[in-house]
Structures are given as C-alpha cells and as structure tokens.
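Data block below; observations after.
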Amino acid sequence: MEGQPKIEDTTDYCIRCATCMEYCPVLRVTDRFPGPKQAGPGGQRFRGRDVPHVDRCVDLCIGCSICELVCASGVDIYRLNLMAKAKYYDEHGIPLRDRILVNFSRWIGRLPWVVPFMNRMSRSPLMRWILDRLLGLERQRPLPDFEVPTFRQWLRRRSDGLPITAESSANGRVGYFYGCFTNISEVDVGKAVVRVLEENGIQVVVPEQDCCGIPMLGSGDLKSARAIARKNLASLKAAIDSGMDIVYSSSSCGYMIRHEYANLFGLPGAEDVSEKTHDICEYLMTLNEKGSLKRPSEIRRRLVYFAPCHVRAAGMGLPALDLMRLIPGIQVEPIDEGCCGLGGLYGYKKEKYEISMEIGKDLADQLLELRADAVVTDCEGCRLQIRHLTGMRVVHPIQVLRDAYPET
Amino acid sequence: MKHYDVIVIGMGLAGLMAAKTAAERGKRVLLIGKGIGTAHTYTGCIDLLGYYPAQSSSPVENPFESLRRLIEERPDHPYARVGAPDIRNALTSFLGLFGEKGYHYLSQGEKNAITLTPSGCTRATYLFPSTMEWGGIEDSRDILIVGFHGLKDFYSAYIAHNLNSLRKERRLPFGARSISLPLSELSRRKTAPSSVLARLFEEEGFRNKIAEAVRTGRTGEERVAFPAVLGVERPREVRKELEAKLGTPVFEIPTLPPSVPGFRLFQTFKRDLKKKGVTIIMGFSVSEALVRDGKCLQVTVSSPPVQRSYSAEVYILATGSFFGGGLEAKGDRVVEPIFNLPVHQPVSRKNWFGDQFFSDEPHPIERFGIMVDERLNPVDEKGRVVVGNLHGAGSILSHSNALREKSGGGIALSTGYKSAKGELH
Amino acid sequence: MDLKTQVVIIGGGITGLGIARDLAQRGIEFILLEKGNLANGASGRNHGYLHSGARYAVNDPHAARECIRENRILKEIAPSCIEDTGGIFVSLPEDSRTYRDQFLRSCEEIGIPTRCLTPSEALELEPNLSHDITGAIHVPDAAIDPFLLVFGNAGEAGDYGKEILTKTAVTRLIRARGRITRVEARNLVTGEPLIVRADFVVNAAGAWADQIARLADLSFELELSKGSMVITNQRVSHRVIHRCRLPSDGDIVVPNHTVSILGTTSLKVGDTDNLTVEPGEVSLLIEEASRMLPCLTGTRYIRAYAGVRPLFKAGSGQDSRELSRGFVLLDHGVGDGVKNFITIAGGKLITYRLMAERTVDLVCHKMGLTIPCKTHLTPLPETKAGVHGRGEYLKRLGQEADEGDAEIVCDCELVTRGELEEALRVLPTKGLGEILHLTRLAKGTCQGAFCSYRLLGILHAMDKVEAINSNAQLKGFLEERWKGIRPVLWGDQLREHEFIGEMYMGILNLDKVK
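Note that the protein sequences, when read in sequence, are chains X, D and G. Heads up: the first sequence begins at 119 in our numbering, then just goes up one per residue. Heads up: the second sequence begins at 1205 in our numbering, then just goes up one per residue. Heads up: the third sequence begins at 3 in our numbering, then just goes up one per residue.
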C-alpha cells in the first residue's frame, strides 16, 4: 500500500517497552510461546532470506492482533510473526491436517450432500478418536453442526421465484459476502441479514465468492490465501463497479477482505473494494445516521455483548453495540475485552487445545456470572468457543435486530 | 461522518483524564489512541512534584508549597497554565476513580511520600496505590524482600544490598534482607513478564505456597516486600490474604516495565470511561486533521486501508512526547505530526542533549514540546493561537522538566483535567 | 610482586594475544600486561571485517596479498569467529570503468578469486542494493567477530591472573647495558606495584606503542587515524558491500550478527582516549553508504563508535589512508641499542597472526632457537560464546528453558543467563564493560534498556558485586552506552532513549543517586 511502511521496516519502531507482552493471551497461559515482542520484532532481527526458519514457536501465535492494538510504536507485531510463520511452513511444508482443515468449509459448501454424513461422523466418539490420533484434531472440542440446505441453496431457491419489485429495491442493492461458516453452519445469520436489509428496502445480491482466505492465513499458508483473495477480489470489484456496496456479517471474513487483502497482499483493486465494504452493523448505523433505518420494535432482552478481536482490529468502534442499543427494551452490556481463545482453527488443533481453553477461561467465568439471556458477538469463532466454554445461548447482533422487526 | 462533542487524541494519563472530565460534564466523547499509553511503562504512582528545581537532588517535602513557587517562577510551565486549584481538583477527580473499599490510591496528606525503587534507592512520589502503603522510609521496621527466580525485572538481593548501604550511611532507619524463591511455574519460561506472575497470585493455591515459603525464609523481619505483582483484578484481596497468612504488613515495590500497577490503573480508567459512555478506539492513529481558519473541522483515523473521519466541537491533543509519536525527532528538527503545531526547540540538533546522560542539568530536549497559553490552546513563538478549538495536555507540552522534577503524572492529570473542563470551550 | 619469565608482552589487543598464543605453542613462557581490558584499543573498535584483500588490490598489492593469505588461514583456524558472508563491490554510474578493469586484473594477479555479476543478479542476492548499479563483483570477504578472536587466542595462550594480567599498566622500562632489565607496572584496581623481569620485551601496544617506546627512551612516530562507524538496527545486506573505486570514506557496509556497520572515516587525531563521533562523520557515512543501499537514508541507527588506527609513519606528507597498512617490525637492537626490545606496529586486525608469527620468529632467532610457527595450522578453541549464525540464536526463542540456564537476559540479542554466567567466570575482572566483549549483551536495539539492570541483578545474585556502589556501576555502564548512542539520537533511537530515561531516571531515580 502506498505511503505505508513495509511490515519488516516496522521492526525498527520497536523500543522494547514490552507492553505487548503484558496483553498477549498466549504468553499468559503457556511457556512455549516467547511472546509477541520476541516472536515479532525481536526475532525479525535474526531472520533473513539466508537464515533457515527454525523458530517453530511462532506457530503458537493465535492471531488476535491485540499486540498491534496496544503497541504505541506502531509495530506490525502480529504480521511479523505471521510472515515468519509463513516462511517456516514454506520451508517445512504445511501439514496434511492443516491443509484439510483450511479447505474443509469450502468443500462442504460445495458438496452439501455430505452434510448428514459429516454430522454423524462428528458425533461418533470412535471417529473423533481416529481423527484425534491421525490428524491431531482435538476430540474434546465438538465440531459444529452442518446444515442443509446451505445458505446458498436457500438463497437460490427463494430468488428463483422472487420478483424484484420497486419496494424491495427502493434503497438500492447491496452485495453480501456471507462467508463459509454462515453458509454451512449458521444459515440463520445469513437469513437474518437478508431479512433486515429487505425490511429496509435494500435488495440483497450475492456476488461470486469463495472462502475469504483467513483460515489459510492462520495456518501459515500465505500462498493459498493470496490466490483465493485474488479470485474474490475480482468478483467483489465487479460488484462495486456496478454501483453497489458490500456488506459482511462475519467479522473475520470482513477483516480479511477489508484490511488484509490490501495490507498483507497489496492486491490491486483491494483499496477500492475496502472503501465500499462494510460491517453489516456499521452499514445499518450509517443508515440510521441518515435517518433511513427502519425503527425496530420493542423486545425485552438482557444481553451481553462480546467484541471479537477482528472487530476491535478493524478500528470502527463497536457498531454492533450501538445498533442493538437502538432497540427499545434491550439491555445490552459490553463485557471487558480479551480474546475468546478459539482463533478460528487454532483451538481445534490438538497441540493448541489446552492453550485455547485456558485463554477463554476468564471470559467464561465472567459470562457465567452475568446471567444474561444470551451472549451476542459478531464472530462465529467466538460463538463456537463461548458455547463450548459455557453452554450459553450465543447469537449474532443481526439476529437480535431481525427479532426486533415483527413478522409481516 | 460521526460527530462528537469532544475528541481526545492520546490514551496516556492526560488523554484518559481529559476523556473522563469531559464525559462527566455530559459531553459525548471519542477517545482515540494509537496504542496504550505510558501507564504500563511506569510505576503506577502519580508523581506530583518530586524535586524542585529540577537540578535539585533532595526531594521536595511539601509539593504544594513548591508548586506555588514553581507557578510563580516558571510561568511557562504546564502547572502554571493549570493553576493550583485545578491541580488539586484533578487529583481529587483521579482519586474518585477508586472506591475506598477496594484498591485505591493514598497520599501522605500534603507531603510527598518517599518510596523504594527496584534499585534499592528511594524516590519521591505523591499518590501511590494502597498495595504500596507499607513501603515508606520513615518506618523503622526491617524489610524482607522477596524475589522470584525467573522474574527478570526485579532482584531482591540487589535492592537489599543497596538499602543496607543507605542504612550504613544512616540515611535509612531500617535494614533489609532478601530471599529469592524458585518457581516451577516460571522456571520453564524463557520470558516471564511481571503480568504472568501477577495472574498466578490471583490463585489461592499459589498464594498459600508463596506464603509458606516466605514464612520459612523469614527471620524476624516485620515487613515483607514483593515486586509489584500482587494480583491484577483483585490486588486488595491478594494483599490482605498474604498479610493474614504472614502476620506482617506486605507491600509492593515497582518493577521494570511492563508495570502491573500501571495495568490496573489503565483498566480502572477504561472501565470508568466505558461506563460513562465514552467511545474508545484503540490501536489506530490520527493520520490527519483538517484545520480551516484556525479551527479544526475533523480528524481522520487510519485503520489501513480504511480512513474514517470524525468531527467534534473541541479537540484535545494528548499524544505525548516522543514515545508514542506525539513529537517526532527528524534528522534535525522536532515536529508535531498531526496538526503541525510549532514546537519549542533550539535551532540545531547539537543542542538537544548534554554530554553526559545522568547530568544534573536536564537535557534541553526534555523541555521541547508544543507551547500553549492559559487556555491550553496551542500558540506559536509569538503567543498567537494556532488552532482555536484545540487544547494540548500532557507530556506534549513544552517547558516542563518532568523527568527530573518527577512531575509527569501530575502534569498529565492536571492538564488533562483542565483541557476538558469546559470553561475553556 | 616480582615475576620472572622469558617474554613480556605489552598490549592486550589481538596482536599481543596472537603473540602470546604463538609463544605458548612454541613452548616459550610469557607474561602479558594490558592496562585496560583485553581488546581495549583498535581490536575492540574496528569494522569486524575479514578482508579478501580486494580493497587493496589496485593501490597496495603487497597488503592485498597478505590479506588473502591470512583470510584463508583464519577461515581454517577460527571458523567460529567468522561468518563467511562473501562481499560485493558495486559500481555506480559515476564510477570509473578503468578502475574496475584494473581491479579485476589486480585481483587475478594477486590470486583473489572474483566473480562478475550483472546488476539483476546482484539485486537478486541483495535486494536492498540501489537500482542504479551498473555492475557488481563478488569476492571472498567475510565478517569476523574481533572479540571472539581475541578471547579465542587468549584462551589457548594462558590464564587470567597468571600469564595474562589486565588492568595492569606499565609504568617504567628500566634500561641498562643495552637491555631492558626490568618492566615496572601497577595494578590499576588494587594499586599494587609489580615488577617483571624477562629476557625479551615485546611492545604490541598498538596506538600506545610510541608511549611505551618512550618509556625506554626510544621514539618513533605513529600517526593516529580515527575511524568512525555507525550501526544499524537491522541487517541491511547479507554480504559486505563496497564501492568499486579507490577506497575512501563511507564506502563499506559490513554485516555483523544482527546489524550492519557502516564505515568508515579517516581523521587525524592526537588523542587515543575520549573518541567521539562527530555529527559530520555520521552524516557523511550515511550519505555515502546510501548511494549503494538507499534504505540507509531512512533506517534506524542504534549506535556510533570510533577506533584509532595506529599507522606507522614511514615518511611524511601522506594521506592517512595512503600510509601502508602493512605492519612494521622494529628490532630495537639494530640502530637503537636496546637488544631485547621489539616493537610490532601498524598492521590490521586480520594480519595479526602473521604479525605475531614474524615477531615470535624474531624472538626465537634472538634466543637462538629454531621452532617453527604452527599457529596457521592449529584451530583456535571454540568459546561457548562463539555461536555464530542467526539461525542458531533463533532456536533460543523456542527451546524449553532449563532451570535458570537458558533464561534469556538480553532480549534484543538473545543472550542467555548461562552465557552470561560463563562470561563472568572467565573474565579476569568484574568490570561490566568486558561483558560486552564476550557476549552481545546490550548490543542490540535497546542498547541495554533492560539487560543493564538485569546484569546488575544477576551479579548481586551471584554475589559478584564489588564493594563500590552497584548503582554507580549501573550508571557508569549506561553512561558508556550513552556515548555511542548520542551521535545517532533521532527518530526511533531517540524514542528508545526517552524510554530508557523513564526507566532509569523515572522508576529507578538514578539521576538523583550520587
């Protein structure tokens, strides 16, 4: 990106104040990770093209990017770690397990007929034991339930018979990037997005899209992530060129598209797409500012809002919280921040499961004390982790707003 | 574009205080920080005025009296811009962050408190956390200093050795002994910042183990000092329990960064601000400000590649000195990067520093900063206001010798308070 | 104290230690006297550059020949002190083609292997090179750690406190009947006087050699030429990078562990102590070097330092650089009337072994012995601190720590507690400055922000703190670092120093401690 320093150059900004070390959730719970100051700018001084990448410990970074948020020197700490991780896997090869995991959701999305089989398998203790041993997929963590029809299938079926009326597109169209997980495991989130937008007279279209690429990023496969990013970018660019904005409901997908496509990959056109891409709550709040958001009705709920890492890393404040506070009767309190500990696929990996659960422990204790009707958070990973840790009901903010629009 | 009443730029003590003050006056506040402020790199105490004049090597006994002199003698000093009444108001407001029953801050009335440093010497401060209560030097009870193997930023033998030297010189009425406890929790770690140990102290089992080890190691000392790691969320309970188990007063001595008391302080401020409805954006810098006809119209926050603009009636610049980039030292000039405000500095880089690091005379660069008038509006060398709806607060301000005076915390709180008071707007 | 030995060596730089090693190998007893710490002078303040000789190929072929020969020998005998990086001479559009052609011819004649690279090949190897380069020539340069070299030689030569006496200054050379009959010295720490009676006295005192000679009523002239260097925070090139033209100021950048060192200048000085790097020198170095590596204009610098080259003055009216860097062996028995006194002067770091060989050959000759030199055949002992290669250091990030041993003390340079404790065991005195020679403590980004304090803490824990106030020691240590940081205090390094100020004056209140 023009005007932005190269990631490696930000190594020079580090004055070793160790503030990042105080906030790193991984360093707090394990002795195997040297901490962001060391894994990022510290280690960077020892790395070089000609130096073999032996520091496997960088693999333990969970990618929460809290270190970058607290750094007053502007060091790209997490990204330095990520690049080291990518180089490590470049030299040593990406393990089979990771290759399977990062593509998992994409494949299921394309082969919805395997869903019932997958669900049966994921509940079979024998199968989980085998996957644990063979692939290092932690058997204590339940796999999500997969749904059919997928979100894509649902959308296609309804669009086939749906006329585009003047009403339903009075306020224009918006392209929706739904993300793999919404597609195969939380279809209701997608449905809620569509419903809310349509209630506000906005027609939802769905540009051609593949996985956003963040699972690959998390496992150190920058090459695959970049390749898939290029594909998505072409489609999203076409969409915005046709005059529409893009919205996303998964904060991780959104972060990837809106920030990393440009910052990490420097892909041409990425900045233009960023400008027109919005978090769904942020988008609706903009409508509200213009006075064109349909008034939600009253619903009485006691909710707790947990801000995902990728929302905080987007630097847009907490639009989900602001949005829910527009709903009469709602009581929603934000909970103190931190990382939930899932880290996308991180917490599914055997060697990282314990770290993942330790990180989330404080959050779980806090949530259980609060006795709310439900926890609200924009990230599917956080929802999975909170359910696993506490058994509480967890929803996406858009689902709450949808509930406040009475059925017509 | 979102509009606020007050936008505060900078998340150090000055910015936090400004945001609190504005929010308490019913303003809609946006607080933007490039990162977390310097609370995490200091002791957690609030230094009001430790030494005056800055070159002096004996601490000030009554800071308020010395403040009176300072304000008279140094009209350009940030304290002079604030004035004595608002300095007191700011401190009162700060103390209000803490409940009396929980972890809170104490002072010795009108006097400075002389506390211990991790190098076994003393320093003057004014407000100190209740966990440091029993660390005073007038107390003649001997101290057992507890260190931990693997905690690299605190060495009990070092501290005890030097305290005993001071005692031999009759500069302290107590002696000290040290022990260092091995910890299996830390022994496998390459890096164990103080925060890791602080969280361990929140577990009862761990506390029991430590208390037992200390009891065994004690030989009659009547006070026990720990590094400042006695808990993160519940330091009061941690200390009370240890005191109960040991039967002696227990207190903390600050460590090198990262500072756990600083962390506690920051979290307390943040919670208070959130309760008061302040919007906080942390981790992103203001990339530019739009100023027209001497008035700031909006600031742009950069979360690359996205740029978001926000507007407000009043803006407060609390971006600090060089650490967080409030001031930038280019090859030969110091600049203020957001508003390009005039910076008080000598003509040549040769005059930034003296020959010796630990000189009695402060280095000239310590006095650099943006110049402000009594309304804390930034001015140029001729005293003309540069931006009418902008106020400066904290270590970005010129004409202080905060490092040598030990006045950084006090300047941050009082200028932060004054800049947001509302009477200036 | 009264000591007797066969040879007294005055000077604990690389030359003195090289002589000590050679004497020890040939079975000759010695005592070495050094007034400061080992590698006090030029040995501890040079570029860390293992010449291939190419730099001198055109205008000093004799020196070039010595260089390439010793280059090969050192790579054989001291591999753990050397990172065999290779070097590249780059040409910019304004550089003379004639020189380049001469350069290639001369290297061939002398036997320095060269390999021509196209600009794109060079950029492939070194992406930070300027895109304006018109050509590049690869040579077998390397980076060498002078401290490891000094301590490696010392380790094999003798024991501290026994044969190698540091902080021991020669005060008088008593001359009688055409010989030095005794050497009088004083331990600068204890004040204790010392007398050494030896058959031969070797003056290897580097920039102080003329002062030592005067103690024997002899004189010769040394020209002292100050060379300044600046250090970057990160390595900007893997190889040594030079300008392919007549050697001049600022035209060489040498990689060294985690950093790059820009050098050098050439200013006549009268004084060997209190060397400061002038702002003008810093600007010059950055300006010149950034012609080859443009990123150097904006990169972070962490330190500047200067060393003094003692150049033996054969004639007068020559530019400092033009004086031969070849060495001179002065037998004061010939012409000066002091039969058992030898001065070895001039030379450079990497020809030390040859200088030592010649010196010890002369000593043996005077003793009537014929013992061949073997220093070029036998490898130096590896010191524990001799971990070269950044990949090795990176492993320290991830290894599981053993109790206390692998704990990292210097976060920037990944120096472990084990390394530190070993260094403290080995070092002759408890001076903190020497730790900087044997480990890379405080040599990284923060120049000692945390590890200075931790070092003092560890000394206390090991019960190794001297009677004097340890806070005074800490302040002294930081004051030393300050000297090197001050010339590059802007940008991020200035921010670093503000942080250090907050720690040592703010938290520790050391500015108020006397």
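Even for Gly, the Cβ is constructed at its ideal location relative to N, Cα and C. As the structure is a prediction and not an experimental result, all values here were calculated from the model.
>> With three or more beta-carbon pairs closer than 8 Å as the criterion, would you say the region 1469–1484 of chain D touches the region 1232–1250 of chain D?
In response: Contact between the region 1469–1484 of chain D and the region 1232–1250 of chain D is present: three or more C-beta pairs spanning the two stretches fall below 8 Å.
> Curious, which full-length beta strand (DSSP E) runs of at least 3 residues does the region 409–487 of chain G contain?
Replying inline: Correct list: 410–412.
> Any idea if Pro312/G is buried or exposed, counting beta-carbon neighbours within 10 angstroms, 16 or more meaning buried?
Replying inline: Its Cβ being crowded by 16 or more others within 10 Å, Pro312/G is buried.
>> Just list the residues that DSSP pairs Ser277/X with in beta bridges.
In response: According to DSSP, Ser277/X bridges with nothing at all.
>> Strictly under 9 Å for the Cβ-Cβ distance: is Arg276/X near chain G by that measure?
In response: Any Cβ of chain G closer than 9 Å to the Cβ of Arg276/X would place that residue at the interface, and such an atom is absent.
>> By the 8 Å beta-carbon criterion, what residues does the region 231–243 of chain G contribute toward chain X?
In response: Hits within the stretch, in order: Asn235, Gln236, Arg237, His240.
>> Just to confirm the assignment: which complete beta strand (DSSP E) runs, minimum length 3, are found wholly within the region 163–226 of chain G?
In response: Considered as a whole, the region 163–226 of chain G harbours 170–178, 181–189, 195–205 as its complete beta strand (DSSP E) runs of no fewer than 3 residues, in chain order.
> Going by the beta-carbon positions, is the gap between Gly1351/D and Ser1388/D smaller than 9 Å?
Replying inline: No, they are not a contact pair.
> Counting only runs that start and end within the region 1572–1618 of chain D, where is the beta strand (DSSP E) found for 3 or more residues in a row?
Replying inline: Fully enclosed beta strand (DSSP E) runs of 3 or longer: 1573–1576, 1594–1596.
> What residues in the region 1605–1629 of chain D have a beta carbon less than 7 Å from any beta carbon of chain G?
Replying inline: Those residues of the region 1605–1629 of chain D that come within reach of chain G (Cβ to Cβ, closer than 7 Å) are Leu1607, Arg1608.
> If you drop the 5 nearest sequence neighbours on each side, which residues of the same chain put their C-beta closer than 6 Å to that of Glu451/X?
Replying inline: Val422.
> Which residues does DSSP pair with Met231/G in a beta bridge?
Replying inline: Paired residues: Tyr307/G.
> For the 8 Å Cβ check, are there 3 or more pairs between the region 1362–1372 of chain D and the region 1391–1402 of chain D?
Replying inline: Too few Cβ pairs lie closer than 8 Å, so no.
>> Tell me which residues of the region 1243–1256 of chain D have at least one Cβ-Cβ distance to chain G shorter than 9 Å, keeping chain order.
In response: Correct list: Thr1245, Tyr1246, Thr1247, Asp1251, Gly1254, Tyr1255.
> Using the beta-carbon count (16 or more within 10 Å), is Phe1526/D buried or exposed?
Replying inline: Label assigned to Phe1526/D: buried.
>> So the candidates are Gly1535/D, Leu1460/D, Met1486/D; which of them puts its Cα closest to the Cα of Phe1470/D?
In response: With distances taken between Cα atoms, Phe1470/D lies closest to Met1486/D.
> Which residue or residues does DSSP assign as beta-bridge partners of Leu255/X?
Replying inline: In the DSSP secondary-structure assignment, Leu255/X is bridged to Lys467/X.
>> Going residue by residue through the region 377–451 of chain X, where are the continuous beta strand (DSSP E) segments of at least 3 residues, counting only ones entirely within it?
In response: As far as the region 377–451 of chain X is concerned, its whole beta strand (DSSP E) runs of at least 3 residues are 395–397, 419–423.
> Could one say the Cβ of Asp339/X lies closer than 9 Å to chain G's Cβ atoms, at least one of them?
Replying inline: For Asp339/X, no Cβ of chain G is located within less than 9 Å of the residue's own Cβ.
>> Tell me the DSSP secondary structure of Ser318/G in three-state form.
In response: In this prediction, Ser318/G scores a pLDDT of 44, lower than 50, which makes its location untrustworthy; no coordinate-derived value is stated.
>> By alpha-carbon positions, which one of Leu127/G, Val172/G, Met369/G, Asp363/G ends up nearest to Thr377/G?
In response: Nearest option by C-alpha distance: Asp363/G.
> Would Trp1556/D count as contacting chain G if we go by Cβ distances under 9 Å?
Replying inline: So yes, Trp1556/D belongs to the interface.
>> Rounded to the nearest angstrom, what separates Glu289/G and Arg184/G at their Cα positions?
In response: So the two alpha carbons sit approximately 51 Å from each other.
>> Out of Gly433/X, Tyr296/X, Gln321/X, which one is the CA nearest neighbour of Ser367/X?
In response: Checking every option, the nearest Cα to that of Ser367/X belongs to Tyr296/X.
> Looking at chain X, which residues of the region 1495–1509 of chain D have a Cβ within less than 7 Å of any of its Cβ atoms?
Replying inline: For the region 1495–1509 of chain D, which is checked against every Cβ of chain X, the residues closer than 7 Å are Val1505, Ser1507, Pro1508, Pro1509.
>> Rounded to whole angstroms, what is the Cα-Cα separation between Arg1392/D and Cys175/X?
In response: Rounded to the nearest whole angstrom, the CA to CA distance from Arg1392/D to Cys175/X is 14 Å.
> When the cut-off is 9 Å and only beta carbons count, does Tyr307/G lie next to chain D?
Replying inline: Chain D, which has no Cβ nearer than 9 Å to the Cβ of Tyr307/G, makes this no.
>> At the level of alpha carbons, what is the spacing between Arg323/G and Ser268/G?
In response: Residue placement at Arg323/G is flagged as unreliable, the pLDDT there being 48, under the threshold of 50; a coordinate-derived value is accordingly withheld.
>> Looking at chain X, is there any beta carbon in it that lies within less than 9 Å of the beta carbon of Glu123/G?
In response: No, Glu123/G does not count as interfacial toward chain X.
> How about Thr441/G and Ile304/G: are their beta carbons less than 9 Å apart?
Replying inline: The answer is no: Cβ separation not under 9 Å.
>> Please tell me whether Asn381/X has its Cβ less than 9 Å away from any Cβ of chain D.
In response: True, the Cβ-Cβ gap to chain D drops below 9 Å.
> How many angstroms separate the CA atom of Ser1323/D from the CA atom of Asn1366/D?
Replying inline: Just so you know, the alpha carbons of Ser1323/D and Asn1366/D end up roughly 7 Å apart.
>> Cβ closer than 7 Å: which chain G residues qualify as neighbours of Gln156/X?
In response: In chain order: Leu399, Asp413.
>> Counting only C-beta atoms, is Met1486/D closer than 9 Å to chain X at any point?
In response: The beta carbon of Met1486/D sits closer than 9 Å to some beta carbon of chain X.
> Which class does Lys1625/D belong to by DSSP, given the choice of helix, strand or coil?
Replying inline: Coil.
> If you draw a straight line from the alpha carbon of His1244/D to that of Ala1522/D, how long is it in whole angstroms?
Replying inline: Cα-Cα distance, rounded: 16 Å.
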